[in-house]
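S.K.:
Numbering (my numbering), first residue to last: 1 to 470.
1. Might you give, ordered along the chain, the residues of its own chain that have their beta carbon closer than 8 Å to the beta carbon of residue 170, omitting 5 neighbours on each side?
2. Is there contact here, the region 264-282 with the region 296-304, by at least three beta-carbon pairs under 8 Å?
3. Going by other Cβ atoms of all chains shown within 10 Å of its Cβ, with 16 needed for buried, is residue 283 buried or exposed?
4. Check each candidate in 468, 433 and 235 and name the one with the smallest Cα separation from residue 17.
5. Helix, strand or coil for residue 411 per DSSP?
6. Just verifying my parser: in three-state terms, what is the DSSP assignment at residue 226?
7. Determine, using beta carbons only, whether residue 22 and residue 96 come nearer to each other than 8 Å.
8. Specify whether the region 458-465 and the region 277-294 touch according to this definition: at least 3 beta carbon pairs, one from each stretch, less than 8 Å apart.
9. Looking at the structure shown, is residue 70 part of a helix, part of a strand, or coil, going by DSSP?
10. Assign residue 47 to one of three DSSP states: helix, strand, or coil.
11. Is it the case that the Cβ atoms of residue 222 and residue 157 are separated by a distance below 8 Å?
12. When you compare each of 312, 279, 70 and 245 to residue 218 by their alpha carbons, which one comes out closest?
13. Please report the straight-line C-alpha distance between residue 229 and residue 36, rounded to a whole angstrom.
14. Identify, in the order they occur along the chain, each residue of the same chain with its Cβ nearer than 6 Å to the Cβ of residue 465, setting aside the five sequence neighbours on each side.
15. Check this for me: beta carbons of residue 416 and residue 295, under 8 Å apart or not?
16. Considering Cα atoms alone, identify which of 106, 410, 146 and 246 is closest to residue 252.
17. Who are the Cβ neighbours of residue 105 in its own chain at under 8 Å, not counting the five residues just before and after it?
18. Could you check if residue 423 belongs to the surroundings of the ligand FAD, using beta carbon to heavy atom distance under 7 Å?
19. Could you tell me the distance, in whole angstroms, from the CA atom of residue 300 to the CA atom of residue 438?
20. Please classify residue 225 as buried or exposed, where buried requires at least 16 other C-beta atoms within 10 Å of its C-beta.
21. Less than 8 Å between the C-beta atoms of residue 43 and residue 14, yes or no?
Listed below in structure tokens is the structure:
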């Protein structure tokens, strides 16, 4: 029997968000009391903090002298993979927290005013159905929960292609009574003068959608979009698997699909999509004015139903200049391997001219061979079928029909053009975290410790230009 004894509590913060978890937004009397709670997850510990401000008239212009007061610290029976906030659908409804655990578990939490602690409103377990795993036993990505900005539903991504949808429960009648009795959200007195318990957002029965049946496989990230009458889920997925060593053969393999979610009739049509995203795209960020930002290691891209834009943040995303011919002196002081490695570092996105020259020689040889062996396209098709087994000419036909020396730089980087100031920053956006400072200002925290401020130029609800400063 294995016994786990935690000798030291966790100190690192793995997840953080803001939520009106213990109270509702104040509507008039005190603007500073409208600040949300700070929710912190330390691996397997959930902490709720309230922002306390001085009782002085500062007109909401500054938080000087404010402090954090811990309301609760609850140990959890597992490691939290993701956290999401289900917003209340009115100013008199508190938010709820969604926590996910491996491999496919979801907990919906709310705040109990009477007990002054966290209460579990519902538990969702999706590991009992073995067909959801599609025969696999290990999944590198844990479950991720996301919620609609207007609190209409929530979604849980699990097992790469399985999507669990959870509709929000309607509490309009109770909310209306609370608003009439308590217009400022300060709490209604119940029996014996005790404050009445406010209602929290919650979810109903869930159901699972297999995205693979819709042609969406290898999902990397999901987010809900703003400014839609119905919940719209944007899915980032990989059309065909690839890796950096094959970028010259297969690049720009990521794609987007926007699904309109109707939890009443359980219909989820695709309303728009985008293809040919860089293969290293890993994260989606919904924009408050509509659309979403997509982050790759070298680019910041914006997509919406009406168009797209992009910004290159380092020169690795751009096609390099034509390499110089590599002359190796066997008797020189520099070893040939060191010289070749240095040359490859200078020109990472280009093939050496000698290799291109060899390819053109092969291409000419293929053209001559085709003139003598293949007189029609039908004969060529039959020959390709016959060459499914190993054959000396198969290499030439493959090189002729699909050039292996294609540029490895993303196509969107070339279309976006060169922004010298941004490309010279040489930023690495992999594993970046974000926080919105305003509707047009995004703060990015990089793994190098740098903080980058992205400014969005918004016209008619669309991002027309992206600029970054460090």
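All C-beta atoms, glycine included, are put in the ideal place defined by N, C-alpha and C.
M.R.: Concretely, from the data shown:
1. none
2. yes
3. buried
4. 433
5. helix
6. coil
7. no
8. yes
9. strand
10. strand
11. yes
12. 279
13. 26 Å
14. 457
15. no
16. 410
17. 78, 123, 124, 125, 126, 127 and 143
18. This structure lacks the ligand FAD; in fact it carries no ligand of any kind.
19. 18 Å
20. buried
21. yes
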